[in-house]
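Everything on this sheet refers to the single structure shown next.
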Amino acid sequence: MSGVDRVNQTLESEAPSLFKLLSPMGREAYFPPDIPFQAKEAAGTDFNGTIGVFTDGAGNAVPLPAMEDVLDFDPEERNRAFLYSPVLGIPSVRDAWQRWQRTGQPDQAPAEDQITTRPVVLGGLTHGLSMVADLFAGPGRHLVVGKPFWGNYRQIFRLRTGAQLVEVDVYRDFAYRPSALVDALKALPAGEPALMIVNFPSNPGGYSPTVEQRRDLRQGLIEAAADRPLMVICDDAYGGLVFTEGVPNRSFFWDLLGAHENLVPVKIDGATKEFAFFGGRVAFLTFGLELSKAATEALENKMQCLSRATIGSPSATSQMILLRGLESGRVFDEVSEIRRIARERYLAVQPALAALDPALLRPLPFNSGFFVLMELNPELVLDPHAVRKHLIEHYSTGIVAAQPSYLRVALCSVSAEALPEMFRRIEAGVRELANA
Ligand SMILES: Cc1ncc(COP(=O)(O)O)c(C=O)c1O
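Under our numbering, the sequence shown has 297 at position 297, and the numbering climbs by one with no breaks.
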């Protein structure tokens, strides 16, 4: 039997829902036993002439001194940072992140018996989403997503794989309605494998569902999974950034583990926003399944194949910087400080939002995350891009415009003190155009 058939057969017998969800590319993906594989097998030999990595002849990195000086690494860290990372990530980084996933919201930690796969390292959350798209999306596959959503999902899923986005209005009448997502899933052809993506706290909306909304969504997804293999992708880019009392902070991913045999929860998270390590490009992909060793290896085999075919391997240097943080003993306090400042900005903007003239602008539900999203009064028929340009030119204010009528403000990059004035200018600019 060929290698790819063996890997597929393992997944088919041990993780049948996941197997049915694989895209044509996902089925074909197979990590051939070529260079990285052979180098791994030869690790520890006296004369290792496998991988194309320049060393001192004894396995040690030889960084240029001018570059090495930038990083205060000990010799072992230096080796790991300057040589190739394993394609799935540095093992200690994978383990340290797995601990963080379980301790980052100490008051809402998942139960110990909630088993997941070991997180795989990817080159930023975007790459994590692309990996999921390559493995599970493809021509004709439906991806249900609540709108407004992060527009890059279109490029990642539709443009790159040919999947079809089912865009659902989840903020009808300025309230979040998870039932709309479930209805869209149930309306798909019976039995057809499907994907759904949730992003809490959301971008661009800055929203996380309440306890009741999460309960309803979970229940609806269990019902929808009765009909089809269903993958729920939790884009946790803004994990931990919930500011409102009573709104759950931990990932919705944990609510889905073991919920239904057809339901495959996937978590994509990372250091980008949670650790303010935007340039580091370190993210993780985790499946909410308890897999046997053979099934884990089969799935990891496919991920290695696709990672090697796209980024080669993830940045070792960034992983080592992240590992310093994760092992420092200070990381929880330092991440809490980011959360505190983000919350301060969230609070600072509340009076401005409450005072907005609804004849001009109305905020969408907002309780978390880095962004506030406002809708221009549709009766004004203003082009959001015209508003955006007007605000730059006449009010020295930069915001993001999104069709059909949204303005998004990234509170994460404006100080709490500056926000009232910023919102005064936004409202003044919109009023000026409305009266023009
Ligand atoms: C919802 C969401 N997902 C994913 C990403 C991508 O994160 P990264 O920069 O790690 O690729 C972003 C970045 O803005 C985002 O807003």
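For each residue, glycine too, the CB sits at the ideal point set by N, CA and C. All figures in this text were calculated on a predicted structure; none of them were measured in a lab.
Output yes or no for whether 7 Å exceeds the beta carbon distance between residue i and residue j.
{"i": "A187", "j": "R228", "result": "no"}
{"i": "N367", "j": "V266", "result": "no"}
{"i": "L256", "j": "V232", "result": "yes"}
{"i": "A184", "j": "V144", "result": "yes"}
{"i": "G138", "j": "I311", "result": "no"}
{"i": "G57", "j": "Y30", "result": "no"}
{"i": "H390", "j": "L433", "result": "yes"}
{"i": "I156", "j": "L181", "result": "no"}
{"i": "Y207", "j": "P365", "result": "yes"}
{"i": "Q213", "j": "P178", "result": "yes"}
{"i": "T286", "j": "T126", "result": "no"}
{"i": "F370", "j": "C412", "result": "yes"}
{"i": "G240", "j": "Q105", "result": "yes"}
{"i": "R102", "j": "A109", "result": "yes"}
{"i": "S318", "j": "V87", "result": "no"}
{"i": "V282", "j": "L322", "result": "yes"}
{"i": "R362", "j": "Y395", "result": "no"}
{"i": "H385", "j": "A402", "result": "no"}
{"i": "G279", "j": "A271", "result": "no"}
{"i": "L382", "j": "R431", "result": "no"}
{"i": "W97", "j": "F253", "result": "no"}
{"i": "S85", "j": "P314", "result": "yes"}
{"i": "E14", "j": "S336", "result": "no"}
{"i": "F423", "j": "A354", "result": "no"}
{"i": "A190", "j": "T161", "result": "no"}
{"i": "R94", "j": "R118", "result": "yes"}
Give the DSSP bridge partners of residue i, in chain order.
{"i": "A402", "result": "Y406"}
{"i": "S368", "result": "V242"}
{"i": "R362", "result": "E375"}
{"i": "A61", "result": "T55"}
{"i": "P265", "result": "V232"}
{"i": "E167", "result": "V145"}
{"i": "E194", "result": "With the sequence shown as reference, residue 194 is identified as Ala, and Glu is not the correct amino acid for it. Bridge partners of A194: H142, L230."}
{"i": "V121", "result": "F284"}
{"i": "G49", "result": "Looking at the DSSP assignment, G49 forms no beta bridge with any residue, so it has no partner."}
{"i": "G270", "result": "A283"}
Given residue i, which residues of its chain have a CB within under 7 Å of its CB, disregarding the five upstream and five downstream residues?
{"i": "A225", "result": "H260, N262, L263"}
{"i": "E167", "result": "V145, K147"}
{"i": "I197", "result": "L143, V145, Y153, I233, D235"}
{"i": "A61", "result": "T55, R78, N79, F82, L83"}
{"i": "A298", "result": "V7, T10, L11"}
{"i": "L22", "result": "L135, F136"}
{"i": "R343", "result": "F243"}
{"i": "Y176", "result": "V170, Y207, P209, Q213, P365"}
Ordered along the chain, which non-local residues of its own chain (more than five positions away) have a Cβ less than 6 Å from that of residue i?
{"i": "A294", "result": "T10"}
{"i": "E77", "result": "M320"}
{"i": "M303", "result": "V120"}
{"i": "Q164", "result": "H142"}
{"i": "A348", "result": "A416, L419"}
{"i": "I338", "result": "A276"}
{"i": "Q38", "result": "T50"}
{"i": "R250", "result": "Q105, Q108"}
{"i": "L380", "result": "A434"}
{"i": "F73", "result": "A81"}
{"i": "S17", "result": "P229, N262, V264"}
Return yes when at least one heavy atom of ligand 2 lies under 6 Å from the C-beta of residue i, else no.
{"i": "R330", "result": "Looking for ligand 2 in the displayed structure turns up nothing; the ligands present are ligand 1."}
Counting only the same chain and skipping the five closest in sequence on each side, list residues whose C-beta sits under 8 Å from that of residue i.
{"i": "M67", "result": "none"}
{"i": "L221", "result": "V182, L185, M196, L230, V232, L256, A259, H260, L263"}
{"i": "P75", "result": "N60"}
{"i": "I90", "result": "R80, V121, A316, Q319, M320, L323"}
{"i": "T397", "result": "L391, M422, R425, I426, G429"}
{"i": "I35", "result": "T50, I51, G52"}
Item to complete: Pair every Cβ in the stretch 322 to 337 with every Cβ in the stretch 42 to 50, then say whether three or more of these pairs are closer than 8 Å.
Response: no
Item to complete: Evaluate the contact criterion for the stretch 397 to 411 versus the stretch 367 to 381: three or more CB pairs, one atom per stretch, below 8 Å.
Response: yes
Fill in: Exercise answer, beta-carbon shell around ligand 1 heavy atoms below 6 Å
Proximity to ligand 1 was defined by a C-beta distance below 6 Å to any of its heavy atoms, and the residues meeting it, in sequence along the chain, are G124, L125, T126, W150, N199, N203, D235, A237, G270, T272, A283.
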